[in-house]
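S.K.:
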Amino acid sequence: MNSEHNSETGMTISRREALRRGLLGAAGLWLADHWGFGALAGLPVPRANAKARSVIQIWFWGGACHIDTFDPKPDAGRDYCGPLDKAVETNVPGIRISDQLPLLAKHADKYSLIRSMTHGNNQHETASYMVQSARQAGDRLVYPSMGAVVSLFKGYNAGYKGLLPPYIVLTEPQGRFSEAGFLGSRYKPFATGGDPNAPRFEVEGVVARGISDDRQKDRRDLLRQLNTLNQAAHTDPALAASQQCEKQAYDLILGDAGKVFDLSQEKSEVRDAYGRNRFGQSCLVARRLVERGVPYVTINYNGWDTHRQHFETMRRKLPELDKGLATLLQDLHDRGLLSTTIIWCCGEFGRTPKIAWEPPWNGGRHHYGKVFCHVVGGGGFKGGRVVGSSTERGEEVKERPVYPVDLIGSIYELLGIDTTAKLPHPQGREVTVLAEGAAAGTTGGRLTEIM
């Protein structure tokens, strides 16, 4: 009988067994890597009285322009505003945002605007790394992103139960940096793939194209009939682990856990309210995931890298953002989840305040790390506030600069994660959750004004 050798375990297994293990797809691969993964000795658990339990991060892949969204400058002129030269009053007196976001204007009491984010870096990869990890680029270490750190501290180490991974990305990997850093592959996010707006959300390894649940059950039953290694699994730890992984994978595919991705369970009017598009339905899935207790969900919302034809793109994306995010905020609020769920809307940087009208850009905006805007709400963040400001044309920070280390440190605090706690490093180096002293670089301090 043909066989294959597993270099990690030293076991030789049959090709039939290798195929059997591979049939479970991405769900099985994820569980195989995480099954039996328990608390790390000496790692502190988050505070029991932490205000936030989960984070939904909406990642504006490519960076959204602050002038066109949450820091409008209607008097700056055509070279800065283009056709988006109007602002609208919100339900919080004194706060105005783009008139392209009328639904979000009605919910300004549920979020706060940080109009003075800055790091000065204009490169996608390094800026993404800085915003996600709160670390300066250029160190020999690759530090983990906040999602990986939250997965470590609020996942299995804190007694997280269930089959859903503690760190999930909807729907594509972000791709600009290594999310897990030196923590390793166990802390990489589970990227769903698929499109939640499709008739069937084909989650990688959980929902297979063209295969019904009944057919999946038939496959499982056939595998059980063909499997002659079940008896050996009772005495062989490696085979027992494989059997447990298989069981959990099928529980995820066919059981209640996997149904979190089935949006047909939602009322049509709810799905309509979120918007029948990839972003809107991703927001709905994110709500369902935090309802199940998933600690960290990222919506990778791409399409913001608008060097060319920026305003044509904004005319499509801003209404989409407005509907999806406004409905998410209201839905979380109505379900009593907003008080324990942090919403963090961010990108790696902003876009240039001055428009590039000349060819080949034809009205584009380029990368801009000097000043940009983030939105935070829920989970202990106060709503209806503005932190910092930019200059009249949005070209510089005017007051209260906020750096990634300030914001991420504030989010960790609300999650009850000790920022001075040591991270497990494969070579035993002393590394804390958040950079300290000179390693932290320039800092403006925690966001105590909105916490």
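Residue numbering for the sequence shown follows the working numbering, beginning at 309 and increasing consecutively.
Backbone N, C-alpha and C define an ideal beta-carbon position, used for all residues, glycine too.
This one's a predicted model, so the numbers in the text were calculated from it and none came from an experiment.
For R673, which three-state DSSP category applies?
M.R.: R673: coil per DSSP, three-state reduction.
S.K.: Do H618 and G672 come within 8 Å of each other at the CB atom, strictly closer than that value?
M.R.: Cβ distance < 8 Å, so G672 and H618 count as in contact.
S.K.: Let's test the definition: count the other Cβ atoms within 10 Å of the Cβ of L332 and tell me whether it reaches 16, buried, or not, exposed.
M.R.: Confidence is the limiting factor: at L332 the pLDDT is only 47, short of 50, which leaves the residue's position unreliable and the question unanswerable from this model.
S.K.: Go to H682, then tell me how far its beta strand (DSSP E) extends in each direction, as first and last residue.
M.R.: F680 to G685 is the extent of the beta strand (DSSP E) around H682.
S.K.: Buried or exposed for G789, going by 16 or more other Cβ atoms inside 10 Å?
M.R.: Residue 789 is absent from the structure shown; the chain starts at 309 and stops at 759.
S.K.: With H, G and I counted as helix, E and B as strand and the rest as coil, what does DSSP make of L392?
M.R.: Three-state result, L392: coil.
S.K.: Per DSSP, what are the beta-bridge partners of R443 in this structure?
M.R.: Partner(s): none; R443 has no beta bridge.
S.K.: Keeping to the same chain, check which residues put their C-beta closer than 7 Å to that of T660; ignore five residues upstream and five downstream.
M.R.: Correct list, in chain order: R673, H674 and Y676.
S.K.: Using a 10 Å radius around the Cβ and a threshold of 16 neighbouring Cβ atoms, would you call Q573 buried or exposed?
M.R.: It is exposed - the Cβ of Q573 has fewer than 16 other Cβ atoms within 10 Å.
S.K.: Hey, would you say V741 sits closer than 8 Å to T756, going by beta carbons?
M.R.: Result no, Cβ atoms of V741 and T756 do not sit closer than 8 Å.
S.K.: I need the straight-line Cα distance from A395 to K730, nearest angstrom please.
M.R.: Going from the Cα of A395 to the Cα of K730 covers about 45 Å.
S.K.: Out of E703, G688, R708 and E700, which has the shortest C-alpha to C-alpha gap to V694?
M.R.: Taking only the C-alpha atoms, the option nearest V694 is R708.
S.K.: Here's a check: name, in chain order, each residue in its chain whose Cβ is nearer than 8 Å to the Cβ of M759, leaving out the five neighbours to either side.
M.R.: Answer for M759: G688, F689, K690, S718, E721 and L722, listed in chain order.
S.K.: Going by C-alpha distance, which of R643, W367 and V602 is nearest A435?
M.R.: Of the listed residues, the one whose Cα sits closest to A435 is W367.
S.K.: Do you know offhand how far W343's Cα is from G696's?
M.R.: With a pLDDT of 46 at W343, under the threshold of 50, the modelled position of this residue cannot be trusted; read the value that follows with caution. If you take the alpha carbons of W343 and G696, they lie about 45 Å apart.
S.K.: Please check the pair L629 and R595, which I expect to be a contact at CB under 8 Å, by giving their CB distance rounded to whole angstroms.
M.R.: Contact doesn't hold; Cβ gap of about 16 Å is too wide.
S.K.: Could you have a look at R329 and say whether DSSP puts it in helix, strand or coil?
M.R.: In this prediction, R329 has a pLDDT of 42, which is less than 50 and means its spatial position is unreliable; nothing more can be read from the coordinates.
S.K.: Between E704 and the rest of its own chain, which residues show a CB-CB distance below 7 Å, the 5 nearest in sequence each way excluded?
M.R.: So the list reads K678, V679 and S698, once near-sequence residues are dropped.
S.K.: Please look up how many angstroms separate the CB atoms of C591 and L646, rounded, as I've assumed it's under 8 Å.
M.R.: C591 to L646, Cβ: 13 Å. No contact.
S.K.: So, helix, strand or coil for L742, using DSSP?
M.R.: In this structure, L742 counts as coil in the three-state DSSP scheme.
S.K.: Only counting the same chain, and skipping five residues up and downstream in sequence, which positions put a Cβ closer than 7 Å to that of G752?
M.R.: Counting only Cβ-Cβ distances below 7 Å, and skipping sequence neighbours, we find R708, P709, V710, Y711 and D714.
S.K.: Should the segment 416 to 429 be regarded as contacting the segment 456 to 476, the criterion being three or more beta carbon pairs within less than 8 Å?
M.R.: They do not touch, by the three-pair rule.
S.K.: Given this structure, state the Cα-to-Cα distance separating G566 from L472, to the nearest angstrom.
M.R.: Taking the straight line from one Cα to the other gives about 8 Å.
S.K.: Between V477 and the rest of its own chain, which residues show a CB-CB distance below 6 Å, the 5 nearest in sequence each way excluded?
M.R.: Cβ neighbours of V477 beyond the five flanking positions: P497, A499, T606 and N608.
S.K.: So the beta strand (DSSP E) L421 belongs to, where does it begin and stop?
M.R.: Per DSSP, L421 belongs to the beta strand (DSSP E) from S420 to M425.
S.K.: Tell me whether the beta-carbon of G502 lies closer than 8 Å to the beta-carbon of E512.
M.R.: Yes, they are a contact pair.
S.K.: To which residues does DSSP link F760 through a beta bridge?
M.R.: An answer regarding residue 760 cannot be provided, because it is not within the stretch 309 to 759 covered by the chain.
S.K.: Once DSSP output is grouped into helix, strand and coil, what is the label at G455?
M.R.: Three-state result, G455: helix.
S.K.: Can you list the alpha helix (DSSP H) stretches of 4 or more residues lying completely in the segment 597 to 673, in chain order?
M.R.: Complete alpha helix (DSSP H) runs here, min 4: 618 to 642.
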